[in-house]
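Residue numbers for the sequence shown follow numbering that gives the first Met the number 0, beginning at 0 and rising by one. Worksheet for the structure shown next.
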Amino acid sequence: MNKKASIVWNGIFKENPSLRLVLGTCPTLAVTTLAVNGLGMGLAATFVLICSGAVISALRNIIPSKVRLPAYITIIAAFVTLLMMLVKAYLPALNSALGVYLPLIVVNCIILGRAEMFASKNKVLDSALDGLGMGLGFTLTLVLMGSIREILGSGTLFGLNLHIPMDPMTVFITPPGGFFVFGVLMGLAILLENYTGHRMERKQSCEGCPAAGMCQGEEEA
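In structure tokens, the structure reads:
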């Protein structure tokens, strides 16, 4: 596998932001009552990841180190604002379904974390590919969770009635059901990483945090 493909694959599987790094869990749990909501949220985050990563990488040698985080947030917020205007204009139903979680992409730890850990240290194309991989990994997780919860909780998939010969288990479209499905998927991800030999080394405290560089914990440790 060449370097470019490896960067994308890393975000989809090896460092899947939701199931491996456990980032962005709030929207992961909140918007996945329906598969279409998960798809919309994932694609929105992917757009911001790619665009902000590319711009931050291009400006990495210009942005002063002392103001890098405010600068990153400003760049991310600009793309989120553009995204919100497009979604409100052309996808009002999705805008209503995602609600506050669409503007909260600005402070999504996946996006800010990749800006600090990858885009600020790598070339533009590699940063865009990293955003694509992380976005696809996030989107696949949301769609998978949304599909499971929608099928079991409502008996539908992307709004289509599946005519399942059993009563819907509405607990799956409630917060406890979301936590249960998320926990099962995380367990399966760990089993898969052990089976494939791509086991992630997990550390305690700030040393093991994927966003350690964003706070003072790394310097104080």
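Here a beta-carbon is modelled for each residue, glycine too, at the ideal position from N, C-alpha and C. Model, not experiment: these values are computed from the prediction.
Under 7 Å, do residue 41 and residue 107 count as touching if we go by C-beta distance?
Looking up residue 41 in the sequence shown gives position 42. Looking up residue 107 in the sequence shown gives position 108. The criterion of a C-beta distance shorter than 7 Å is not satisfied by residue 41 and residue 107.
Alpha carbon of residue 95 to alpha carbon of residue 134, nearest angstrom:
Translated into positions along the sequence shown, residue 95 becomes position 96. Translated into positions along the sequence shown, residue 134 becomes position 135. Going from the Cα of residue 95 to the Cα of residue 134 covers about 22 Å.
DSSP beta-bridge partners for residue 187?
By one-based count along the sequence shown, residue 187 stands at place 188. Partner(s): none; residue 187 has no beta bridge.
Supposed contact pair residue 44 and residue 104 - C-beta distance, whole angstroms, cut 8 Å:
As a first step, residue 104 is located in the sequence shown; it is residue number 105 there, counting from the start. As a first step, residue 44 is located in the sequence shown; it is residue number 45 there, counting from the start. Yes, they are in contact, since the Cβ atoms of residue 104 and residue 44 sit about 6 Å apart, within 8 Å.
Note down, in chain order, each residue of its chain lying with its Cβ closer than 6 Å to the Cβ of residue 57, except the 5 sequence neighbours on either side.
One-based indexing of the sequence shown puts residue 57 at position 58. The answer, listed in chain order, is 123.
Which residues share a DSSP beta bridge with residue 160?
Sequence index remark: in the sequence shown, residue 160 carries index 161 (1-based). Partner(s): 155.
If you draw a straight line from the alpha carbon of residue 118 to that of residue 165, how long is it in whole angstroms?
Looking up residue 118 in the sequence shown gives position 119. Looking up residue 165 in the sequence shown gives position 166. Residue 165 has its alpha-carbon roughly 48 Å from the corresponding atom of residue 118.
Tell me whether residue 144 is buried or exposed, calling it buried when 16 or more other Cβ atoms sit within 10 Å of its Cβ.
What you label residue 144 is simply residue 145 of the sequence shown in a count that begins at 1. With 16 or more other Cβ atoms within 10 Å, it is buried.
Terminal residues of the continuous alpha helix (DSSP H) containing residue 30?
Sequence index remark: in the sequence shown, residue 30 carries index 31 (1-based). Element bounds for residue 30: n/a, residue is neither H nor E.
Ignore the nearest five residues each way along the sequence and tell me which others in residue 168's own chain have a CB closer than 7 Å to its CB.
Numbered from its first residue, the sequence shown carries residue 168 at position 169. If we look at residue 168 and ignore the five residues flanking it on each side, its Cβ neighbours are 151 and 152.
Please list the terminal residues of the continuous alpha helix (DSSP H) segment that includes residue 91.
Here residue 91 refers to the residue found at position 92 of the sequence shown. Unbroken alpha helix (DSSP H) run through residue 91: 91–97.
Does residue 18 come out as helix, strand or coil in the three-state DSSP assignment?
Start at 1 with the first residue of the sequence shown, and residue 18 comes out as number 19. Coil.
Decide if the stretch 178–195 is in contact with the stretch 51–66; the criterion is three or more beta carbon pairs, one per stretch, under 8 Å apart.
No, the stretch 178–195 is not in contact with the stretch 51–66.
Reference residue 65, options 188, 121, 48 and 115, closest by Cα:
For the purposes of this step, residue 65 is identified with residue 66 of the sequence shown, where counting begins at 1. 115 is the residue among 188, 121, 48 and 115 whose C-alpha sits nearest the C-alpha of residue 65.
Straight-line gap, residue 76 to residue 88 (C-alpha atoms, nearest Å):
Position 77 of the sequence shown, counting from 1, holds the residue named residue 76. Position 89 of the sequence shown, counting from 1, holds the residue named residue 88. Straight-line measurement puts the Cα of residue 88 at about 18 Å from the Cα of residue 76.
With distance defined between alpha-carbon atoms, name the residue in 130, 100 and 187 nearest to residue 112.
Start at 1 with the first residue of the sequence shown, and residue 112 comes out as number 113. Taking only the C-alpha atoms, the option nearest residue 112 is 130.
Using 10 angstroms around the beta-carbon of residue 127, count the other beta-carbons present and answer buried if the total reaches 16, otherwise exposed.
Position 128 of the sequence shown, counting from 1, holds the residue named residue 127. Buried.
Could you give the C-beta distance for residue 16 and residue 157, rounded to a whole number, given that I count them as a contact under 8 Å?
Against the sequence shown, residue 16 aligns to sequence position 17. Against the sequence shown, residue 157 aligns to sequence position 158. Going by Cβ atoms, the distance from residue 16 to residue 157 rounds to 23 Å, so no, they are not a contact pair.
Cβ pair residue 18, residue 140 closer than 7 Å
As a first step, residue 18 must be located in the sequence shown, where it is residue number 19. As a first step, residue 140 must be located in the sequence shown, where it is residue number 141. Yes. Within cutoff.
Return the CA-CA distance between residue 8 and residue 84, expressed in angstroms with no decimal places.
In the sequence shown, the residue the question calls residue 8 occupies position 9. In the sequence shown, the residue the question calls residue 84 occupies position 85. Computed Cα separation, rounded: 31 Å.
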